[in-house]
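Read through the structure below, which is laid out as structure tokens, and then see the notes.
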Amino acid sequence: MNGETVLITGSTDGLGRHLAVRLGAAGARVLVHGRDARRAELVRSQILAAGGPEPLVLHADLAELSQVDRLADDVAQHVDRLDVLVSNAGVGFGRPGAARQLSADGIELRFAVNHLAGYRLTRLLLPLLRSSATPRIVNVASAGQHPIDFADPMLEHHYDGVTAYRRSKLAQIMSGFDLADELRGEVVVNSLHPASFMDTTMVHEAAVVPHSTVTQGCDATLRLITGPAARSTGRYFNGEREGRADDQAYDPDARRRLRQLSDELIAAHTRP
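Numbering (full-length UniProt numbering), first residue to last: 1 to 272.
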């Protein structure tokens with residue numbers, strides 16, 4: 001990873017933080033993204049203590065599309081190429097029984113952060129990714145997936161946080177498959193479920209007993225950045241093995257409808 005530039009969204013906690021420190025220690029210049037300045041500075045210090053090059057700290061709330069755009073602008077101001085984008089930032093199930101939440105733009109929160117923010121950011125960063133000799137995109141998704149109901153994609157009826165989360169993660173995988181097809185031969189795009197119920201803030205908030213460690217999830221994610229899997233595109237991994245996503249991810253019409261929905265939401269809430 002010496003000399004490579006890596007942006008990890010949501011890299012101030014959980015999997016993102018562990019990944020940032022390990023990649024920094026391996027010689028990558030890490031772009032640390034988060035909302036909390038104190039936690040971002042802590043990650044920066046950990047990377048330096050591990051012997052990594054000076055990281056760049058970037059602040060943005062991905063629940064607001066204008067801040068997603070600003071994040072892309074900030075990256076472009078500081079680097080002339082991007083070798084790896086890890087789309088990791090996310091919102092979990094939430095507390096059991098919690099009410100439906102909206103983003104700053106009035107979009108169902110989990111769809112907005114887990115899918116739409118990454119969808120938008122990736123598109124904006126494609127010129128920098130194309131400037132790399134070996135560009136890779138890794139979408140940190142989940143094995144917990146639920147088909148999207150396009151009659152009610154924002155879960156205005158019969159809401160629950162688990163379904164919202166699972167739909168957003170399937171959307172992330174679907175858009176990853178689309179992008180892999182579009183950029184085949186230019187950029188490697190893969191998605192993965194890193195590990196089940198890792199010991200993270202997100203899992204504890206949902207009142208779930210952790211089943212695996214963050215280190216396990218980090219190992220699986222690193223394989224898509226530095227291992228043999230980083231050379232093939234358009235795949236979904238369950239941990240360290242290739243898996244199969246929900247059937248809807250392989251439905252061309254469903255993916256078309258998701259693209260249309262995503263583009264309409266972005267057009268309604270961003271400047272041309």
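All C-beta atoms, glycine included, are put in the ideal place defined by N, C-alpha and C.
Treat the numbers as computed from the prediction; the structure is a model and nothing was measured.
- Between the region 80-99 and the region 5-17, the count of Cβ pairs shorter than 8 Å is three or higher; the stretches touch.
- By alpha-carbon distance to Asp-181, the top candidate from Arg-136, Thr-213, Thr-233 and Thr-221 is Thr-233.
- Gly-34 sits in a strand when the DSSP states are folded into three classes.
- By the criterion of at least three beta-carbon pairs nearer than 8 Å, the region 217-225 is not in contact with the region 164-180.
- Excluding five sequence positions before and after Gly-94, the CB atoms of its chain that fall closer than 6 Å to its own CB belong to Gly-161, given in chain order.
- Rounded to whole angstroms, the Cβ separation of His-269 and Asp-105 is 4 Å, and the two are in contact under 8 Å.
- Taking all protein chains shown into account, Gly-227 has fewer than 16 neighbouring C-beta atoms within 10 Å of its C-beta and is therefore exposed.
- The beta carbons of Arg-136 and Val-79 sit about 15 Å from each other, so the pair does not count as a contact at 8 Å.
- In the three-state reduction of the DSSP assignment, Phe-150 falls in the coil class, being assigned neither a helical nor a strand state.
- Under DSSP, Ser-191 forms a beta bridge with Asn-139 and Tyr-236.
- Contact between Val-75 and Leu-116 is absent: CB atoms are separated by about 18 Å, not below the 8 Å threshold.
- Beyond the five residues adjoining it in sequence on each side, Ala-37 comes within less than 7 Å, by CB distance, of His-59 in the same chain, given in chain order.
- Straight-line spacing of the CA atoms in Gly-24 and Val-43 works out to 10 Å.
- Arg-35 and Asp-61 do touch by the CB rule: their CB atoms are close to 5 Å apart, below 8 Å.
- Rounded to whole angstroms, Leu-102 and Glu-108 show a C-alpha spacing of 5 Å.
- Each residue's CA atom was taken as its position, placing Cys-218 and Arg-17 some 10 Å apart.
- Per DSSP, reduced to three states, the secondary structure at Val-75 is helical.
- Judged by DSSP secondary structure, Thr-5 falls within the beta strand (DSSP E) whose first and last residues are 5-8.
- For Arg-29, the three-state secondary structure derived from DSSP is strand.
- In summary, Asn-114 is buried, with 16 or more beta-carbon neighbours lying within 10 Å of its beta-carbon over all protein chains present.
- Val-214: member of the alpha helix (DSSP H) spanning 214-226, first to last residue.
- Under DSSP, Arg-120 takes part in no beta bridge, so it has no partner.
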